[in-house]
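Count along the sequence shown from 1, then add 61; that gives the number in the working numbering. Heads up: the structure comes next, in structure tokens.
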Amino acid sequence: MAEEGERSLLEKAQERFGLDLSDAQIIFTGVGGINIIRSLADVDREAEVFNIGYAGSANFDLNSWVEVTEVRLNHPNVTYAEPVLHPETLPWKGANRPVQAVCYTNTDFVLASDYKDCVFDMELAFIAALGFKHLHSFKYVSDNLSLHAYHELTHGVE
62 MAEEGERSLL EKAQERFGLD LSDAQIIFTG VGGINIIRSL ADVDREAEVF NIGYAGSANF
122 DLNSWVEVTE VRLNHPNVTY AEPVLHPETL PWKGANRPVQ AVCYTNTDFV LASDYKDCVF
182 DMELAFIAAL GFKHLHSFKY VSDNLSLHAY HELTHGVE
């Protein structure tokens, strides 16, 4: 059932951004770092990769799109040196350009945060760390840090 929601999201992204992914290899990775590594370990690092997924945000509007310009892990309780990774962005013209923002990747669902003007996911930092040369990321804001709202949108839970 989750893959059904992901297929619908893929269609929305293609329509919203004018992407033609008809000849692309589509991989549904599942949630979290282990699923990412298992699903993408053998993908050519020179391939053009589009990460299209759901994300939460403390303040972005629900059902809005974000193009990720920077990704890092979210670990609010400790600070340590780690790289900040930068997916590629598309050359937008006119009003079609989505909001651009940072994505914080977590190993668990984020239910509260003081971070604003960003999105939270559970995959992108792991994808970026695999070293894809042409990585793009679009996130669909599914919730405002509410696990229930996320499940309502992605699984039809009431």
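Ideal placement from N, C-alpha and C gives every residue a C-beta, glycine not left out.
query                                                                                                                                                              : result
Does the Cβ of THR166 have 16 or more other Cβ atoms within 10 Å, making it buried, or fewer, making it exposed?                                                   : buried
Are there any heavy atoms of the ligand MN lying less than 6 Å away from the beta-carbon of ALA108, as far as the coordinates show?                                : This structure simply doesn't include the ligand MN, nor any ligand for that matter.
Taking the alpha-carbon of ARG133 as reference, which of MET183, TRP153, ALA119 has the nearest alpha-carbon?                                                      : MET183
Just mark GLY114 as buried or exposed, buried being the case when its beta carbon has 16 or more other beta carbons within 10 Å.                                   : buried
What residues match up with GLY117 in a beta bridge as DSSP calls it?                                                                                              : PHE181, ASP204
Give the straight-line distance between the Cα atoms of HIS136 and PHE89, rounded to the nearest whole angstrom.                                                   : 26 Å
In three-state terms, what does DSSP make of SER198?                                                                                                               : strand
Note down, in chain order, each residue of its chain lying with its Cβ closer than 6 Å to the Cβ of GLY93, except the 5 sequence neighbours on either side.        : MET183
So, for LYS177: in the same chain, excluding its five sequence neighbours on each side, which residues have a beta-carbon less than 8 Å away from its beta-carbon? : ALA119, ASN120
How long is the line joining the alpha carbons of LEU71 and GLU131, rounded to whole angstroms?                                                                    : 21 Å
Ignoring anything shorter than 3 residues or poking outside the segment 80-160, list the beta strand (DSSP E) runs there in chain order.                           : 109-117, 126-134
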